[in-house]
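Asks: Below you'll find the structure I mean.
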Amino acid sequence: MDLKVRLFLGCMLLTLFGNVSYADPVERRKDQFGKDFAYYLYPIAGEIPGMGTAAGVGASVSNMGGSDTDFTGYYVRGDIKATGAALLDYHVVPQRLIIDVGYNDYKVASTSYNRGIDSSPDDLIRPKVEGNYFIGQMTLTFDERRYELFVRALRGRNRLIEVLDINDQAFAGVDTSWKKGNYYSLGGSIDLTDDRLDPRSGARFEFSSRLPDSRSADESEYYVNDYNFSGYAPMRQWDTLAFNLFYSRAHVTRQGLTDTTLLQQRYGLNCTQYPVGPNRDACLATEDKLLAGKLANNIYGTASPLGGTQRLRSYDNWRYYAGQSLFYGVEYRWNLTDERTPFDIYLARGVRTGIQLAAFWERGMVADEFGQLFKNGRESYGIGARMILSGVIIRFDLANGREGVQSQLFITYPWSMFSVDNPG
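Sequential numbering of the sequence shown, starting at 2, is according to the numbering used here.
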């Protein structure tokens, strides 16, 4: 195992177990089925690394009708065009069986890189994609949401509008037809922290398995297992030292097409349309990388990626991906206040429970084979500020890494197993 991983695990376990009292287990700081009614109508000015910026409006209503049920919706336009709404924490059986449902549509020109940790930041394409999806989750929960099992279903469709190279030249021969898919996940969590939303002590383990989906005969079928461990050690009066260890692996159940000649015939970029010269050479180079990625995906599958709003925050969304991914990070959270301050202004009503500053360091690795996973990695570090409201955490992070500085304005803490920019 990589020496940095060993040191990280040792420090994490020492800090966590040094703060655990076995005779006095961690108690919840507050009710995990909140009843504080709140609503917010707010402007959105967000940024997702690798996707761009967008501005618009959002609205949220928390704990409707004295229940634990929330509603949220948003509308944004810019580099990202998206609309969405969700109904969260609807109790079919009170405090036992919970349903979440949501809908999102989008049009975005993302940045797509080559596979692997050593992929160059200059070897990229910019696919413009539009689509929409419905998502639903049913959760069985026990003991103040300490133990949970869930099943998640996502049904959506998308299509390529066009694919641009690094010089914003469009490739011809791109398949722009609509593709449909149904995706299912099973998982669960053991949450032994003092609070699900804003933990300050304890530990949490989460597991998710994204089941194989029905693909064409040319594409492999595979499932992806994600394991996520987070630890929280109280520091000083209100502060928290947070750790995260994440591992993802794809397991191929049916291998797709691996004949490179057939792959070129079916998925090539029609480079012969260009006369012999620089344009054809550039097209052929891009085609080679595209087909190499398809071949590797058919052999190894693709695990959950690194980069974006959750892990390796100084890199673009989906920056690093392969058959396996490993990530670990540490974050110190300065809680400037520990309060319950009600507010009621024209566009918002709720309870502010804290203002926070943060400093973080992260390292991530991807590879198709486990033996290659520890040979190279990328690091990210930075600072952040957060406002913790009743049911909502608004987060701004500024992160630096090998490829420069990224800023992001997002909802919820990092290191989540699910986020709107990476559904599944």
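Where a beta carbon is used, it is the ideal one built from N, C-alpha and C, also for glycine.
As the structure is a computational prediction, the values presented were derived from the model and not from experiment.
Measure the C-alpha to C-alpha separation of S381 and R314 and round it to an integer number of angstroms.
Replies: Each residue's Cα considered, the two are about 7 Å apart.
Asks: If I measure Cβ to Cβ from Y248 and keep anything under 6 Å in the same chain, skipping five residues before and after, which residues do I get?
Replies: The answer, listed in chain order, is Y228, L327.
Asks: Would you list the one or two residues that DSSP bridges to L258?
Replies: Note: L258 sits in no beta bridge, so no partner.
Asks: Can you say whether G178 is buried or exposed, counting buried as having 16 or more other CB atoms within 10 angstroms of its CB?
Replies: With the sequence shown as reference, residue 178 is identified as Ser, and Gly is not the correct amino acid for it. With fewer than 16 Cβ atoms within 10 Å of its Cβ, S178 is classed as exposed.
Asks: What separation, rounded to the nearest whole angstrom, lies between the Cα atoms of E332 and A359?
Replies: One C-alpha to the other measures close to 7 Å.
Asks: Return the CA-CA distance between V246 and D166, expressed in angstroms with no decimal places.
Replies: Per the sequence shown, residue 246 should be read as Leu rather than Val. Whole-angstrom Cα-Cα distance: 35 Å.
Asks: Can you check which of these residues, S113, Q266, G203, R379, is closest to A234 by C-alpha distance?
Replies: Answer by Cα proximity: G203.
Asks: Is L165 helix, strand or coil by DSSP?
Replies: In the structure shown, L165 sits in a strand (DSSP, three-state: E or B).
Asks: Hey, out of M366, R334, F361, whose CA is closest to Y322's CA?
Replies: Of the listed residues, the one whose Cα sits closest to Y322 is M366.
Asks: When we look at the beta-carbon of A46 and count the other beta-carbons within 10 Å, is it buried (16 or more) or exposed?
Replies: The residue is exposed, with fewer than 16 neighbouring Cβ atoms inside 10 Å.
Asks: Roughly how many angstroms lie between the CA atoms of Q138 and V277, to the nearest whole one?
Replies: Cα-Cα distance, rounded: 53 Å.
Asks: Spell out the partners DSSP gives T140 in its beta bridges.
Replies: According to DSSP, which records beta bridges pairwise, T140 is partnered with I99, F151.
Asks: Where does K181 land, buried or exposed, given buried means 16+ other C-beta within 10 angstroms?
Replies: The residue in question, K181, is exposed, as its Cβ has fewer than 16 Cβ neighbours within 10 Å.
Asks: Answer with buried or exposed for S113, where buried requires no fewer than 16 other C-beta atoms within 10 angstroms of its C-beta.
Replies: Classification of S113: buried, given that the 10 Å Cβ count is 16 or more.
Asks: Can you have a look at N318 and say buried or exposed, based on whether 16 or more other CB atoms are within 10 angstroms of its CB?
Replies: N318 comes out buried.
Asks: In whole angstroms, what separates the C-alpha of N401 from that of Q311?
Replies: Whole-angstrom Cα-Cα distance: 14 Å.
Asks: Evaluate G392 with the Cβ neighbour count: other Cβ atoms within 10 Å of its Cβ, from every protein chain shown; 16 or more gives buried, anything less gives exposed.
Replies: That one is buried.
Asks: What residue from G79, I100, A173, D289 has the CA that sits closest to Y275's CA?
Replies: The option with the nearest alpha carbon to Y275 is A173.
Asks: Can you look up G269 in the DSSP assignment and give me helix, strand or coil?
Replies: Three-state DSSP puts G269 in coil, outside helix and strand.
Asks: Taking the straight line between their C-alpha atoms, what separation do you get for R216 and L258?
Replies: Answer to the nearest angstrom: the Cα atoms are 12 Å apart.
Asks: To the nearest angstrom, how far is it from the Cα of A24 to the Cα of H92?
Replies: Unreliable placement is indicated for A24, whose pLDDT of 41 sits below 50; the coordinate value is still reported in the next sentence. Their Cα atoms are separated by approximately 33 Å.
Asks: Distance, Cα to Cα, G405 vs D260?
Replies: Each residue's alpha carbon lies about 38 Å from the other.
Asks: So the alpha helix (DSSP H) D37 belongs to, where does it begin and stop?
Replies: Element bounds for D37: n/a, residue is neither H nor E.
Asks: For the alpha helix (DSSP H) holding N226, just list the boundary residues, first then last.
Replies: Where N226 is concerned, there is no enclosing alpha helix (DSSP H), although the beta strand (DSSP E) it sits in stretches over 222–236.
Asks: How big is the Cα-Cα spacing for F281 and Y414?
Replies: One detail in the question is off: residue 281 reads as Arg in this sequence, not Phe. Distance between the alpha carbons of R281 and Y414 is about 45 Å.
Asks: With DSSP as the reference, please indicate the residues paired to I45 in a beta bridge.
Replies: DSSP output for I45 lists G57 as bridge partner(s).
Asks: Can you give me the Cβ contacts of D195 inside the same chain, cut-off strictly under 7 Å, excluding the 5 residues immediately before and after it?
Replies: Excluding positions up to five away in sequence, the list reads V27, E28, R29, R30, R201, S202, G203.
Asks: Inspect the beta-carbon positions of G232 and R255 and report whether they are closer than 9 Å.
Replies: No, they are not a contact pair.
Asks: Report the rounded CA-to-CA distance for F371 versus Y301, giving the unit in angstroms.
Replies: Approximately 11 Å, taken between the alpha carbons.
Asks: Considering only the alpha carbon of each residue, which of E149, A243, W335, H252 lies closest to R237?
Replies: With distances taken between Cα atoms, R237 lies closest to W335.
Asks: Measure the Cβ-Cβ separation of F151 and V102 and say whether it is below 9 Å.
Replies: Contact: no.
Asks: G182 bridges to which residues according to DSSP?
Replies: DSSP, once it has assigned bridges, lists G157 as partnering G182.
Asks: Please say whether S420 and N299 have beta carbons closer to each other than 9 Å?
Replies: No; because the gap between Cβ atoms is not below 9 Å, this pair is not in contact.
Asks: R281 lies in the alpha helix (DSSP H); which residues open and close that run?
Replies: Where R281 is concerned, the enclosing alpha helix (DSSP H) stretches over 279–301.
Asks: Once you ignore the five residues that flank L88 on each side, which residues in its own chain have a CB closer than 6 Å to its CB?
Replies: Closer than 6 Å at Cβ, skipping near neighbours: F72, V102.
Asks: Along the chain, where does the beta strand (DSSP E) containing Q325 start, and where does it finish?
Replies: Element bounds for Q325: 325–336.
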